[in-house]
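Numbering (our numbering), first residue to last: 4 to 264.
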């Protein structure tokens with residue numbers, strides 16, 4: 004029979020925290036726990052703070068989702084990944100420090116964290132999942148790691164306070180709707196490692212006035228800059244590459260070909 008440890012506050016099985024049973028607003032997870040299970044704190048709307056011991060290596064999907072009062076959380080030094088929707092809908096979470104050991108940010112990991120203003124991702128992070136920061140309406144700044152090769156679908160969708168983004172060299176793909184509805188975005192730096200920009204990646208970026216497309220971009224999807232009405236597109240290629248969609252510039256924005264800084 005599997006050993007189950009149960010006390011007033013925690014249900015723990017084989018060193019995995021399965022469920023939080025308490026009613027404390029500030030939670031200290033006991034030493035010895037190596038994993039926090041799926042949905043362990045799901046909809047614990049009264050929790051304001053959590054301290055996770057360094058024995059924890061993994062946090063499963065949805066572990067803290069809908070903890071709407073959560074303001075602070077201390078992540079363990081040995082954490083390997085932040086799984087899918089781990090902190091989704093934590094609407095009071097304003098900042099979080101990600102340990103240098105984290106290699107993956109899962110799909111929707113911080114989606115709908117509407118108070119999140121700043122997050123610094125460690126250089127060890129190799130992937131950021133679909134919609135990871137979707138609807139983070141207060142996010143003003145984020146430092147992207149140099150190890151990633153893709154800005155995934157809807158990664159920063161509706162980040163309406165995000166003003167500037169520097170895409171690191173090494174990124175090859177900017178997926179569909181990656182920066183859609185980023186209405187405060189005024190500065191985007193695209194490196195010459197990018198080969199593909201997909202459908203509506205920068206649609207409704209209504210404050211964006213200038214973007215430089217490097218000659219490395221061989222594929223451009225439909226309506227990439229749809230309704231980004233103030234934008235002038237500066238292309239380093241001398242003419243439209245053959246694999247760019249004929250509808251890439253559906254709004255007939257001004258385009259400067261053969262741009263040389």
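All C-beta atoms in this analysis are idealised placements derived from N, C-alpha and C, irrespective of residue type, glycine included.
All of these numbers come straight from a predicted model, not from anything done at the bench.
- For residue 60, the secondary structure class from DSSP, reduced to helix, strand or coil, is coil.
- Taking a C-beta distance under 7 Å as the contact criterion, residue 81 and residue 57 qualify as a contact pair.
- Here residue 100 carries a strand assignment [DSSP, helix/strand/coil].
- The alpha-carbon separation between residue 23 and residue 38 amounts to approximately 13 Å.
- DSSP, read as helix, strand or coil, puts residue 218 in coil.
- Within 10 angstroms of the beta-carbon of residue 148 lie 16 or more other beta-carbons, which makes it buried.
- The C-alpha of residue 152 is placed about 13 Å away from the C-alpha of residue 108.
- Contact between residue 75 and residue 52 holds, with the beta-carbon distance rounding to 5 Å and staying under 8 Å.
- Under the three-state reduction of DSSP, residue 167 is assigned to strand.
- Shown here, residue 20 sits in a strand according to DSSP, grouped into three states.
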